[in-house]
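Numbering (our numbering), first residue to last: 9 to 351.
Beta carbons: idealized from backbone N, C-alpha and C, even for Gly.
Computed from a predicted structure; not experimentally measured.
In structure tokens form, the structure reads like this:
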């Protein structure tokens with residue numbers, strides 16, 4: 009899919025036209041080679057079939073957005089867990105100081121604290137009951153999504169604050185492949201024989217969960233450029249290099265910026281430390297627990313290395329060059345590059 013087509017899709021998605029709350033999923037292109045579940049191509053992206061059948065319709069019809077809502081958006085395995093932890097610890101620091109021994113993040117996995125809206129709707133026994141549960145949450149609500157920006161409900165795009173985190177595609181692929189092989193049984197699948205070469209070829213074709221990864225990222229990057237007050241675009245690699253600065257950007261965007269006194273007391277450093285990869289990975293709940301949400305994935309499966317550049321341990325130079333060329337060609341003329349850290 010080229011950049012112009014992506015722009016056309018985004019422009020069309022922004023038009024004030026009625027949204028689909030039901031769709032003919034069976035008529036959409038099908039991909040079954042990508043574990044752990046079948047995907048359907050919808051408006052340029054490969055979306056889990058169950059998400060299209062129940063998740064997206066439920067999100068559109070039973071979720072009532074509020075101006076105070078904060079939606080965390082990410083391509084899978086691109087810093088999702090870390091962003092959830094950082095956003096929660098920052099937004100709720102008055103009620104739960106990050107230095108407290110009984111902080112919620114010490115007792116629960118970030119995915120149990122910040123729920124995926126479309127995933128919950130996809131697997132809920134009753135969309136109406138889930139809608140009521142979400143409505144009962146106090147403001148400001150902190151929620152998450154893996155949906156591309158152009159597929160979010162129009163009212164969410166217009167009303168809510170959205171924080172997106174992106175990751176270099178080669179690293180996102182490696183992290184996704186490792187996660188899928190471990191977590192597939194929780195989704196009722198088996199990926200033990202899913203080779204990296206198979207994953208690589210599918211990823212290059214954009215045939216992965218919520219792929220193509222580069223068009224997904226461009227979707228949010230352009231939304232952030234169009235509406236910087238509504239969409240904050242973060243880069244995983246920059247967060248690794250400058251965690252304090254990026255955390256302060258996040259806090260300001262969520263309208264809960266750190267005061268001078270808080271900085272002097274070390275609150276920013278406390279949040280960074282609490283949410284650091286090593287700290288989260290080694291908490292008892294994340295070493296031995298199982299998710300309590302709609303997806304009973306082992307908590308340990310969400311933590312592997314938390315670094316940039318691990319793709320070098322999995323790809324040949326030729327593979328890296330091939331994927332880089334695909335991404336470069338797809339993004340040509342867009343003004344966006346994964347190598348540009350100015351965002």
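Taking the straight line between their C-alpha atoms, what separation do you get for residue 291 and residue 190? Distance from the CA atom of residue 291 to the CA atom of residue 190, rounded to whole angstroms, is 19 Å.
Buried or exposed for residue 145, please, with buried defined as at least 16 other CB atoms from any protein chain shown within 10 angstroms of its CB. The residue is exposed, with fewer than 16 neighbouring Cβ atoms inside 10 Å.
Of the residues 334, 345, 336, 153, which one's Cα is nearest the Cα of residue 91? The shortest C-alpha separation from residue 91 is found at 153.
Check for me: the alpha helix (DSSP H) holding residue 169 runs from which residue to which? Here residue 169 belongs to no alpha helix (DSSP H); instead the beta strand (DSSP E) covers 169 to 174.
In whole angstroms, what separates the C-alpha of residue 282 from that of residue 289? Whole-angstrom Cα-Cα distance: 11 Å.
Hey, quick one: how far does the beta strand (DSSP E) through residue 279 stretch, first residue to last? Run containing residue 279: none in the beta strand (DSSP E); it sits in the alpha helix (DSSP H), 275 to 282.
Specify the secondary structure class of residue 156 as computed by DSSP and reduced to three states. The answer is coil: DSSP assigns residue 156 none of H, G, I, E or B.
Other residues of its chain near residue 67: CB distance less than 7 Å, five sequence neighbours each side excluded: Excluding sequence neighbours, residue 67 sits near 125, 126, 129, 161.
Classify residue 85: buried if its beta carbon has 16 or more other beta carbons within 10 angstroms, exposed otherwise. Here residue 85 is buried: its Cβ has 16 or more other Cβ atoms, across all protein chains shown, within 10 Å.
With DSSP as the reference, identify every bridge partner of residue 39, one or two as the case may be. Residue 39 is bridged to 47.
Here's the rule: buried if 16 or more other CB atoms are within 10 angstroms of the residue's CB, otherwise exposed. What is residue 249? That one is exposed.
Mark residue 269 as exposed unless 16 or more other C-beta atoms lie within 10 angstroms of its C-beta, in which case mark it buried. Burial call: exposed.
What are the boundary residues of the alpha helix (DSSP H) that includes residue 315? Counted as a single uninterrupted DSSP element, the stretch harbouring residue 315 is not any alpha helix (DSSP H), since DSSP gives it neither H nor E.
Are the CB atoms of residue 158 and residue 227 within a distance shorter than 8 Å? Yes, they are a contact pair.
DSSP beta-bridge partners for residue 106? Paired residue(s): none; residue 106 is not in a bridge.
Taking the C-alpha atoms as reference points, what is the distance between residue 364 and residue 257? Residue 364 is absent from the structure shown; the chain starts at 9 and stops at 351.
Could you check the C-alpha separation between residue 10 and residue 339 for me, to the nearest Å? Because the pLDDT of residue 10 is 43, which lies under 50, any placement of that residue in the model is unreliable, and the number read from its coordinates should be weighed accordingly. Cα to Cα, residue 10 sits roughly 7 Å from residue 339.
CB-CB under 7 Å to residue 362, same chain, minus the five flanking residues each way: which ones, in chain order? Not covered by the structure: residue 362. The range shown for the chain is 9 to 351.
What is the DSSP secondary structure of residue 56, counted as helix, strand or coil? Strand.
For residue 266, the first and last residue of its enclosing alpha helix (DSSP H): Following the DSSP letters along the chain, one finds residue 266 in no alpha helix (DSSP H), marked with neither H nor E.
Distance check for residue 344 and residue 147, CA to CA, integer angstroms please. So the alpha carbons of these two residues sit roughly 34 Å apart.
Contact check, residue 32 vs residue 46, beta carbons under 8 Å: At the C-beta level, residue 32 and residue 46 stay beyond 8 Å of one another.
Measure the C-alpha to C-alpha separation of residue 337 and residue 223 and round it to an integer number of angstroms. Their Cα atoms are separated by approximately 11 Å.
Taking the alpha-carbon positions, what's the residue 218 to residue 39 distance? The C-alpha of residue 39 is placed about 12 Å away from the C-alpha of residue 218.
For residue 217, which of helix, strand or coil comes out of DSSP? Residue state, collapsed to three classes: coil.
Classify residue 117: buried if its beta carbon has 16 or more other beta carbons within 10 angstroms, exposed otherwise. Result: buried.
When the Cα of residue 187 is compared with those of 34, 43, 73, which residue comes out closest? Ranking 34, 43, 73 by Cα distance to residue 187 puts 43 first.
Give me the Cα-Cα distance between residue 170 and residue 237, rounded to the nearest whole angstrom. Cα to Cα, the separation comes out at about 9 Å.
Go through its chain and collect everything with a Cβ distance to residue 317's Cβ below 8 Å, but skip five positions before and after it. Contacts found: 179.
Is it true that the CB of residue 260 sits closer than 8 Å to the CB of residue 242? With contacts defined by Cβ atoms closer than 8 Å, residue 242 and residue 260 do not form a contacting pair.
Quick check: what's the CA-CA separation for residue 276 versus residue 106? Straight across, the Cα-Cα distance linking residue 276 with residue 106 is about 9 Å.
Look at residue 150 and residue 95 and say whether their C-beta atoms are less than 8 Å apart. Yes, Cβ-Cβ distance for residue 150 and residue 95 is below 8 Å.
Cα-Cα separation between residue 4 and residue 99, rounded to whole angstroms: In this structure the chain extends from 9 to 351, so residue 4 is not present and cannot be described.
DSSP beta-bridge partners for residue 239? Its beta-bridge partners are 170.
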